[in-house]
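Residue numbers (my numbering): 945 to 1053.
Structure first, then comments.
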Amino acid sequence: MFASPAIASTGAPSGGAMSLISILPWVAVFAIMYFLMIRPQQKRMKQHRDMLAAVKKNDVAVTSGGVIGKVVKVEDSEIELEIASGVRVKVVKSMLSEVRSNNPKPAND
């Protein structure tokens, strides 16, 4: 009478391998998200930081609001843009979306 429940409980597998198999898809999803979403964003952020570090006087800059102007003065966190003759505005450096160098690259003719 007491022997039958004891025999039945000792034959069940522990399930250690099954837990590893159930975690594997989550690891794969995280790896895919990292390489498709997180890594490219980090690359764009590094390019933007490098662009901001390379801003110099007489470059043409485009702000995130679409204002285009010539860089007159560069400070640590701000730049001064001349958007028209005699019209100068201060812009936070991180709000630049594009910097066009005043020296165009030579064409490969």
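C-beta: ideal position from N, C-alpha, C; glycine also.
Reducing DSSP to helix, strand and coil, say where V1035 ends up.
-> To locate residue 1035, count along the sequence shown from 1; it is residue 91. Correct three-state label for V1035: strand.
Would you list the residues sitting across from R983 in a DSSP beta bridge?
-> Within the sequence shown, residue 983 is the residue found at index 39, counting from 1. Answer by DSSP bridge pairing: none, since R983 is not bridged.
Please report how far the alpha carbon of M995 lies from the alpha carbon of E1042, in whole angstroms.
-> Position 51 of the sequence shown, counted from the start, is the residue given in the question as residue 995. Position 98 of the sequence shown, counted from the start, is the residue given in the question as residue 1042. Taking the straight line joining both Cα atoms gives about 8 Å.
Write down the C-beta distance between V1052 and N1002 rounded to the nearest angstrom, noting that I regard them as a contact closer than 8 Å.
-> Counting from 1 along the sequence shown, the entry for residue 1052 is found at position 108. Counting from 1 along the sequence shown, the entry for residue 1002 is found at position 58. The amino acid at residue 1052 is misidentified as Val; the sequence shows Asn. Contact doesn't hold; Cβ gap of about 25 Å is too wide.
What number of angstroms, rounded off, separates the C-alpha of D1020 from the C-alpha of V1033?
-> Within the sequence shown, numbered from 1, the residue matching residue 1020 stands at position 76. Within the sequence shown, numbered from 1, the residue matching residue 1033 stands at position 89. Cα to Cα, D1020 sits roughly 16 Å from V1033.
Determine the closest residue to V1011 out of V1036, H992, Q991, with distance taken between C-alpha atoms.
-> Walking along the sequence shown from the start, residue 1011 turns up at place 67. Residue V1036 is the option with its Cα nearest to V1011.
May I have the straight-line CA-CA distance separating S1008 from I965, to the nearest angstrom?
-> Mapped onto the sequence shown, residue 1008 falls at position 64. Mapped onto the sequence shown, residue 965 falls at position 21. Near 47 Å, if we compare the C-alpha coordinates of I965 and S1008.
Does the beta-carbon distance from I1023 to V1031 come in below 8 Å?
-> Position 79 of the sequence shown holds residue 1023. Position 87 of the sequence shown holds residue 1031. No, they are not a contact pair.
For V971, three-class secondary structure by DSSP = To locate residue 971, count along the sequence shown from 1; it is residue 27. In the structure shown, V971 sits in a helix (DSSP, three-state: H, G or I).
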